[in-house]
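There are 2 protein chains.
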Amino acid sequence: MVRERDLLRWIADRAPVGDDCAVLECAPWGTLLVSTDSVIDGVHLRWDREGPEAFGYKAVARGMSDVAAMGGEPLWAVIAVCLPKGVTEEQAHGVYRGAEGAGCALVGGDTSFGPLAYVAATVFGRAHAKGPVLRSGARPSDGIFVTGPLGGSYESGRHYRFTPRVAEVKRLMDQVDISAMIDLSDGLSTDLLHILEASGAGCRLEAEAIPVNEGATLEGALTDGEDYELLLTAREGDEGLVRIGTITDGEAVLVFSDGREEALRARGWEHEG
Amino acid sequence: MVRERDLLRWIADRAPVGDDCAVLECAPWGTLLVSTDSVIDGVHLRWDREGPEAFGYKAVARGMSDVAAMGGEPLWAVIAVCLPKGVTEEQAHGVYRGAEGAGCALVGGDTSFGPLAYVAATVFGRAHAKGPVLRSGARPSDGIFVTGPLGGSYESGRHYRFTPRVAEVKRLMDQVDISAMIDLSDGLSTDLLHILEASGAGCRLEAEAIPVNEGATLEGALTDGEDYELLLTAREGDEGLVRIGTITDGEAVLVFSDGREEALRARGWEHEG
Chain V
911 MVRERDLLRW IADRAPVGDD CAVLECAPWG TLLVSTDSVI DGVHLRWDRE GPEAFGYKAV
971 ARGMSDVAAM GGEPLWAVIA VCLPKGVTEE QAHGVYRGAE GAGCALVGGD TSFGPLAYVA
1031 ATVFGRAHAK GPVLRSGARP SDGIFVTGPL GGSYESGRHY RFTPRVAEVK RLMDQVDISA
1091 MIDLSDGLST DLLHILEASG AGCRLEAEAI PVNEGATLEG ALTDGEDYEL LLTAREGDEG
1151 LVRIGTITDG EAVLVFSDGR EEALRARGWE HEG
Chain E
911 MVRERDLLRW IADRAPVGDD CAVLECAPWG TLLVSTDSVI DGVHLRWDRE GPEAFGYKAV
971 ARGMSDVAAM GGEPLWAVIA VCLPKGVTEE QAHGVYRGAE GAGCALVGGD TSFGPLAYVA
1031 ATVFGRAHAK GPVLRSGARP SDGIFVTGPL GGSYESGRHY RFTPRVAEVK RLMDQVDISA
1091 MIDLSDGLST DLLHILEASG AGCRLEAEAI PVNEGATLEG ALTDGEDYEL LLTAREGDEG
1151 LVRIGTITDG EAVLVFSDGR EEALRARGWE HEG
């Protein structure tokens, strides 16, 4: 069996995928940002538990979050839907209502009937006039910021009810000089490491500064994933952002107020440190 | 259970889907044409019979055919792939090789591992400077033309190996004043009725003029579907087109050289006349 990591690396080497979205030049109209994502029954959600609207909503909202994470404005979405045999009219309509509810104009689609439910959404938007924000622009002494509290997304159901940070991006692109950005889908530690790797930088992440959702833990904030808040770096933030650390030219470390320092790892930090 | 036809009508009433593609104005760059399609194991192809490359190829080629059918040039594709558990590296790579082989730049994707194989492809293209060709422009006395022979697509395996008529569209858009166009996915009779309904017109379709693939029958040419040749109407064609009838302001009829006339129906014609 193919190893997922090997396969994703093989794919990344072939397609010029720009961070969260494909970046396509359509000058002078602008730069088109395109993201495609699947939500599959039994893999990302359960049809009999979360329901049809959640499938439509989550598929489109994830794509909108990807476009926002590159500093763009999501404009349109198309969805390829597979409905399970025996689906009711109410369930079928629910998928489309959910997709529309994400807040992006649904301009087309394809509907099949098959053995299981899925929604594959493609969201496309336009990059801000400043150009798309990549993961690779973080520079030493930049601040590290998030747009909101993290952790506990699965337990709370936020992972299929989150609001993509489109309005925040609109404000930030005008007010803040963002050097790098990503949406928090894999968890703060993993997604921050994506920025650090792409930028060739390190960080001092301040454990106690990380905003944690009610009911969640610091470890959850670092590793749960699917928060869909934005993680960004900039010389200076604004009042809508929470500063959680600083980019450095050293290692990636998580620092505690008692002076402890741990190596930041994709699965949180080195507990054995 | 929801009836497919009712559901598709309900969807069509909600989204402003323009014929085969969504039509999105990105002036002054041009008009963006977007098509999304699924190819699902056990529904459109079989993973264990046609193989992974066929999934990638067919999904992208269908979208390219949709863009061509609106007079556009396919530029980019993204694919959302679900690989079945236990997939080998060779199979996984095959999906992407097949998608690339369709001849459109693969610019992004999303890969999941789930209970069955599917590829949902979204193809983006740009309409010709003359503007997108719709289904609704056919006018009485226009000729009806096809780009090649029809029928027997399933038996021959052409339904997953066809070449989207991109080069033909490029030539035709420069040389012919096309009034309406569609790609032949549902079969000549059904797809011609789509044009007639959208245009508020009728036709005289000449049975013996319809080019039929070797091994296929006239009935197959009218109803098999998935030929992915283009069906178009125009005042005059060119040497690369086969004229098969004429648009009228009367009924849709299939005429035979012995003088018989039958009503054209989605499933071929009225055998009981």
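Each protein sequence line maps, in turn, to chains V and E. Counting along the first sequence from 1, when you hit position 126 you're at 1036 in the working numbering, and nothing is skipped either side. Counting along the second sequence from 1, when you hit position 59 you're at 969 in the working numbering, and nothing is skipped either side. Note that beta-carbon positions come from the ideal geometry of N, C-alpha and C, so glycine has one too. Bear in mind that the values here come from a model prediction, so they are computed numbers and not experimental data.
Check	Outcome
For chain E, check one thing: does any of its Cβ atoms lie closer than 8 Å to the Cβ of Gly1183(V)?	Low confidence applies here, because Gly1183(V) scores a pLDDT of 36, under 50, leaving its location unreliable and the question unanswered by this model.
Would you mind stating whether Met1091(V) and Leu1140(V) have Cβ atoms separated by less than 8 Å?	yes
Applying the 10 Å Cβ sphere with the 16-neighbour rule, what's the burial state of Gly1067(E)?	exposed
Classify Pro1074(V) as helix, strand or coil using the three-state DSSP reduction.	coil
Roughly how far, in whole angstroms, is the beta-carbon of Met974(E) from the beta-carbon of Ala1037(E), given that I think they are within contact range, below 8 Å?	Not really, about 14 Å apart at Cβ, beyond 8 Å.
With H, G and I counted as helix, E and B as strand and the rest as coil, what does DSSP make of Leu1044(V)?	coil
In chain E, which residues lie with their C-beta within 8 Å of the C-beta of Trp957(V)?	Per Cβ cutoff of 8 Å: no residues; Trp957(V) is ~12 Å from chain E at best.
With DSSP collapsed to three states, give me the class of Val1163(V).	strand
With three or more C-beta pairs closer than 8 Å as the rule, is the region 1004–1011 of chain V touching the region 957–970 of chain V?	yes
Give the single residue among Gly1125(V), Ala1012(V), Glu1118(V) and Asp976(V) whose Cα lies nearest to the Cα of Phe1166(V).	Glu1118(V)
Can you tell me the Cα-Cα spacing of Leu1102(E) and Gly1019(E), whole angstroms?	34 Å
Look at Ile1088(E) and Val1043(E) and say whether their C-beta atoms are less than 8 Å apart.	yes
Return the chain-ordered list of same chain residues with a C-beta closer than 6 Å to the C-beta of Glu1161(V), the five sequence neighbours on each side being excluded.	Gly1112
Can you give me the C-alpha to C-alpha distance between Ile1157(E) and Val953(V), rounded to a whole angstrom?	50 Å
Kindly indicate which residue of Ala1077(V), Ser948(V) and Thr1057(V) has the alpha-carbon position closest to the one of Glu866(V).	With chain V covering 911 to 1183 only, the question about residue 866(V) has no answer from this structure.
Buried or exposed, going by whether 16 or more other CB atoms sit within 10 Å of the CB of Leu955(E)?	buried
Would you call the CB atoms of Glu1129(E) and Gly1178(E) closer than 8 Å?	yes
May I ask you to list, following chain order, the residues of the region 999–1027 of chain E that have a beta carbon less than 8 Å from some beta carbon of chain V?	Glu999, Gln1001, Ala1002, His1003, Tyr1006, Glu1010, Leu1016, Val1017, Gly1018, Gly1019, Asp1020, Thr1021, Ser1022, Phe1023, Gly1024, Pro1025 and Leu1026
Would Arg1045(V) be called buried (16 or more neighbouring beta carbons within 10 Å of its own) or exposed?	buried
Quick check on Arg1170(V): does DSSP put it in helix, strand or coil?	coil
Mind checking which residues open and close the alpha helix (DSSP H) that includes Ile921(V)?	Glu914 to Arg924
By the 7 Å beta-carbon criterion, what residues does the region 1110–1125 of chain E contribute toward chain V?	none
Bridge partners for Val1033(E) per DSSP, in chain order?	Ser945(E) and Ala987(E)
Please confirm whether Trp1179(V) has its beta-carbon closer than 8 Å to some beta-carbon of chain E.	no
Compare the beta carbon distance of Ala922(V) and Gly1053(V) with 8 Å and say whether it is the shorter of the two.	no
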